[in-house]
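Its first residue numbered 209, the sequence shown is counted upward by one per residue in my numbering.
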Amino acid sequence: FLYGHSAHLTGGQATFVANMTMLGTATAAFGAISGSRDGDFGGWETGTLAAGIDGGALAGAIVAPHLDWSAHRANLVFAATGLGAIAGGMLSGLLTQPDHGSTTDANGDVVAGAMTAGLWGGFALGILMTKDDAPDPRFDKQDKTPKTASGAAIMPWANAHGLGLMTGGTF
Numbered sequence: 209f210l211y212g213h214s215a216h217l218t219g220g221q222a223t224f225v226a227n228m229t230m231l232g233t234a235t236a237a238f239g240a241i242s243g244s245r246d247g248d249f250g251g252w253e254t255g256t257l258a259a260g261i262d263g264g265a266l267a268g269a270i271v272a273p274h275l276d277w278s279a280h281r282a283n284l285v286f287a288a289t290g291l292g293a294i295a296g297g298m299l300s301g302l303l304t305q306p307d308h309g310s311t312t313d314a315n316g317d318v319v320a321g322a323m324t325a326g327l328w329g330g331f332a333l334g335i336l337m338t339k340d341d342a343p344d345p346r347f348d349k350q351d352k353t354p355k356t357a358s359g360a361a362i363m364p365w366a367n368a369h370g371l372g373l374m375t376g377g378t379f
């Protein structure tokens, strides 16, 4: 809360923090699922999940202020991240067969690994696909003043104090 209040993040930067938090959480969860051999989710699995949540949020909070992403770009990258995880899970689910005779399903480990790879692959692909997007308006330093031809005019000028030149136009 204090970070969000003091950082003055743009919408794109805040979405990036959320995306990194989700990446850390999902990566830790899939890793804990793959590493669990006793069938119970507790102990080290819970610690791994907590580390993933905190690590992802911290990484996002550190990197976000240095990004000039627009909200549009951040939303597209977030969507690509989620779609990458779904695509990885679907592909591995189609290519593996369930092993019902085992207490630990090795195919579940393959699906979790493929979803993790898809998650990060979608994130990277989303960044690459949106690299030419316009930055957030707060960071857009392009000169927006209209470029017009100079219409300067020089004219003689005279009054009771003397003679001179007068200029007028756009500069």
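Just so you know, even glycine gets a beta-carbon here, dropped at the ideal spot from N, CA and C.
Problem - residue 263 - DSSP class collapsed to helix/strand/coil - result: As a working mapping, residue 263 is identified with position 55 in the sequence shown. Looking at residue 263 - three-state DSSP - the assignment turns out to be helix.
Practice task
Under 8 Å by Cβ, that's how I've got residue 304 and residue 318 pegged, so tell me the actual separation to the nearest angstrom.
Solution key: Working through the sequence shown from its first residue, we reach residue 304 at position 96. Working through the sequence shown from its first residue, we reach residue 318 at position 110. That belief holds up - the Cβ atoms of residue 304 and residue 318 are roughly 5 Å apart, short of 8 Å.
Problem - Check whether residue 279 and residue 344 have beta carbons under 9 Å apart - result: As a first step, residue 279 must be located in the sequence shown, where it is residue number 71. As a first step, residue 344 must be located in the sequence shown, where it is residue number 136. Result yes, Cβ atoms of residue 279 and residue 344 sit closer than 9 Å.
Handout entry: DSSP state of residue 243 mapped onto helix, strand, coil
Key = The count along the sequence shown starts at 1 and reaches residue 243 at position 35. In the structure shown, residue 243 sits in a helix (DSSP, three-state: H, G or I).
Handout entry: residue 209 classed as buried or exposed, judged by whether at least 16 other C-beta atoms fall within 10 angstroms
Key = In the sequence shown, the residue the question calls residue 209 occupies position 1. By the beta-carbon neighbour count (other beta carbons within 10 angstroms, threshold 16), residue 209 is exposed.
Practice task
Give every residue of the same chain whose Cβ lies closer than 6 Å to the Cβ of residue 291, excluding the five residues on either side of it in the sequence, and list them in chain order.
Solution key: Locating residue 291 in the sequence shown gives position 83, counting from the first residue. Answer for residue 291: 330, listed in chain order.
Exercise for the section: Quick one: residues in its chain with C-beta nearer than 7 Å to the C-beta of residue 215, no 5 flanking neighbours on either side, listed in chain order? Expected result: Here residue 215 refers to the residue found at position 7 of the sequence shown. Contacts found: 273.
Practice task
Please name the residue in 294, 257, 252, 241 whose C-alpha comes closest to that of residue 232.
Solution key: Translated into positions along the sequence shown, residue 232 becomes position 24. Answer by Cα proximity: 257.
Practice task
Taking residue 235 and residue 324 to be in contact with their CB atoms under 8 Å, please state how far apart those CB atoms are, rounded to whole angstroms.
Solution key: Reading the sequence shown from its first residue, position 27 is the one you call residue 235. Reading the sequence shown from its first residue, position 116 is the one you call residue 324. Between residue 324 and residue 235 the Cβ distance is about 6 Å, and since that is below 8 Å, they are a contact.
Handout entry: Limits of the alpha helix (DSSP H) - the one that residue 218 falls within
Key = Within the sequence shown, residue 218 is the residue found at index 10, counting from 1. Careful: residue 218 lies outside any alpha helix (DSSP H) and carries neither H nor E.
Practice task
Excluding the 5 residues preceding and the 5 following residue 301 in the sequence, name in chain order all residues of the same chain whose CB lies nearer than 8 Å to its CB.
Solution key: For this step, residue 301 is matched to residue 93 along the sequence shown. Counting only Cβ-Cβ distances below 8 Å, and skipping sequence neighbours, we find 319.
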